[in-house]
Amino acid sequence: MKIIAALPYMVVSRSIDWNKQHFIEREEKLILAEDKITSHINEFTLEEIWDISFRASSSEYGFFYLHTNQGLFSYRVKTEPSEFMNKYQEMKKRVKKYE
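In the numbering used here, the protein residues as written are 638 to 736.
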C-alpha cells in the first residue's frame, strides 16, 4: 500500500476513576492510499467515499468529514486538511478515469 497523504486527528476517550472523570486525548492518522482511506477503526475504498469536507470550529480544532455510503464520519483535526483534500481529489479523478 503506497501512502499518498496522512492527516492527523484527535481521538478523545473518557474514563471514570474514583468518581472523577478523566479525558484522554490521543493522536491517530487518516491515511490516504492509492485506492482507500484508512482510520484507526475504519477503511473505505475511494468508490465508497462520496465526498469530503472540512469545517473550522475554533481556533484550535476543526472537523474533517468523510461522506460515505456507510454514513457520515467526523474527525477532530488540529491542522487545515487542504493538502490531504487536494490529494484525495487527484486520486478520485484517477479512479473515475479508469472506470
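Just so you know, even glycine gets a beta-carbon here, dropped at the ideal spot from N, CA and C.
Residue i (DSSP reduced to helix, strand or coil)
| i | result |
| --- | --- |
| Gln-707 | coil |
| Tyr-646 | strand |
| Tyr-702 | strand |
Run of the beta strand (DSSP E) containing residue i, from where it starts to where it stops
| i | result |
| --- | --- |
| Lys-639 | First-last for Lys-639: undefined, no H or E at that position. |
| Leu-667 | 657–670 |
| Lys-715 | Neither: Lys-715 is in no beta strand (DSSP E) and is coded neither H nor E. |
| Ile-678 | Segment: none, Ile-678 is in no beta strand (DSSP E) and carries neither H nor E. |
| Ser-690 | 686–693 |
For residue j and residue i, believed in contact at Cβ under 8 Å, the rounded distance
| i | j | result |
| --- | --- | --- |
| Leu-667 | Lys-724 | Leu-667 to Lys-724, Cβ: 11 Å. No contact. |
| Leu-703 | Ile-689 | 6 Å |
| Tyr-691 | Met-647 | Before going on, a small fix: residue 691 reads as Phe here, not Tyr. At roughly 15 Å, the Cβ-Cβ gap does not stay under 8 Å, so Phe-691 and Met-647 are not in contact. |
| Asn-706 | Glu-720 | With a Cβ gap of about 25 Å, Asn-706 and Glu-720 do not count as contacting. |
Next on the checklist: I want to know whether the stretch 642–658 touches the stretch 721–733 - three or more CB-CB distances under 8 Å.
Outcome noted: yes
Item to check | the stretch 670–679 in contact with the stretch 650–657 per 3-pair CB rule at 8 Å | outcome: As far as the Cβ criterion goes, the stretch 670–679 does not touch the stretch 650–657, which means the pair count is below three.
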